[in-house]
Amino acid sequence: LDISILFSNVKGSINDGRLRLSRQGINFNSKTGKVDNIQAGKLTEGIWRWVALGHGLKLLKKNGHVYKNDGFRESEFEKLSDFFKTHYRLDLMEKDLCVKGWNWGTVKFGGQLLSFDIGDQLVFEIPHSNMSQYTTGKNKVTLEFHQNDDMEVSLMEVRFYVPPTQEGSVDPFEAFAQNILSNADVIQATGDAICIFLEATVPPGAGLYLHLQAARAHLLQRDFLCQLHPGYHHHAFL
């Protein structure tokens, strides 16, 4: 079963190509030269849903890896469903995405995805491998992403507010942060501190500035300014 003029989504980059389904598995040949291969025995789930580029097929492997292809016509669902049932012994499930536009819901960590749901409907999902950094503030977590060099415009960050709760012994904010640290492809760096500010509260997401002549920290009650003197050796880490 061959289907052409389909699209794969790789860190926001939409690449067209050709999808081939056989008894042995599923292959997507992108025009970029990249080939995605899923063996039939490692395929655990297939989901059909309506997306921006027509209809989309989401495929899940046993190791939790997810593949997404968009651009299907609605009329192709029946033959795909029959093929999945006959050769992969899987039911191709139909699921609708939530389009309510709400910005509050439930975050779930499963497989290799972070998903944001409203009720039992998915709003969006982020692969753990796309996350590069995370920072925490008071009940706030900011996620930053690995950038795709082939894209002129790409998503830089997403911020989550995790409300406190009086129920249970587990802090939901700490649990959220630990889930990201244990699952995401977070860049970690170690070394000796150049400068330490003790008992200084920095507003999350703002307040730290690096200039050619100075480094400045804008805090809640006072500002710190470190002048860089000419003639000295300076090192900047971004």
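Residue numbering for the sequence shown is 287 to 524, as defined by this note's numbering. For glycine and all other residues, C-beta sits at the position ideal for the given N, C-alpha and C.
Classified as buried, I324 has 16 or more neighbouring CB atoms from the shown chains inside 10 Å of its CB. In terms of Cβ geometry, G332 and L376 form a close pair [threshold 9 angstroms]. Residue A338 holds the alpha-carbon nearest to the alpha-carbon of D356 among S367, E380 and A338. Taking a cut-off of 8 angstroms for Cβ pairs, the segment 377–385 and the segment 443–450 do not touch, as fewer than three such pairs fall below it. By a beta-carbon distance limit of 8 angstroms, G391 contacts V409. Their separation comes to about 6 angstroms. Of all alpha-carbon atoms in W334, L346, Q310 and Q407, the one lying nearest the alpha-carbon of V385 is that of Q407. Under the three-state reduction of DSSP, L408 is assigned to strand.
Residue burial is scored here from C-beta neighbours: W388 has fewer than 16 other C-beta atoms within 10 angstroms and is therefore classed as exposed. If you look at E364, you'll find it in the alpha helix (DSSP H) that goes F363 to F369. If you ignore the 5 residues before and after T330, its C-beta comes within less than 7 angstroms of the C-beta of L346, K347 and K348, all in its own chain and listed in chain order. Distance between R359 and G311, taken at the CA atoms: about 21 angstroms. Ranked by Cα distance from Q419, the options F431, F314, L292 and K354 are led by F431. Annotation for S468: the continuous alpha helix (DSSP H) segment containing it runs P458 to N469. Ranking L305, I412 and V427 by CA distance to the CA of F462 puts V427 first.
Counting only runs that start and end inside the segment 343–399, the beta strand (DSSP E) elements of at least 3 residues fall at 352–358 and 392–396. In terms of CA proximity to E438, I300 leads the group I300, L292 and F293. The secondary-structure analysis by DSSP pairs T428 across a beta bridge with T421 and R445. The DSSP-derived three-state label of S316 is strand.
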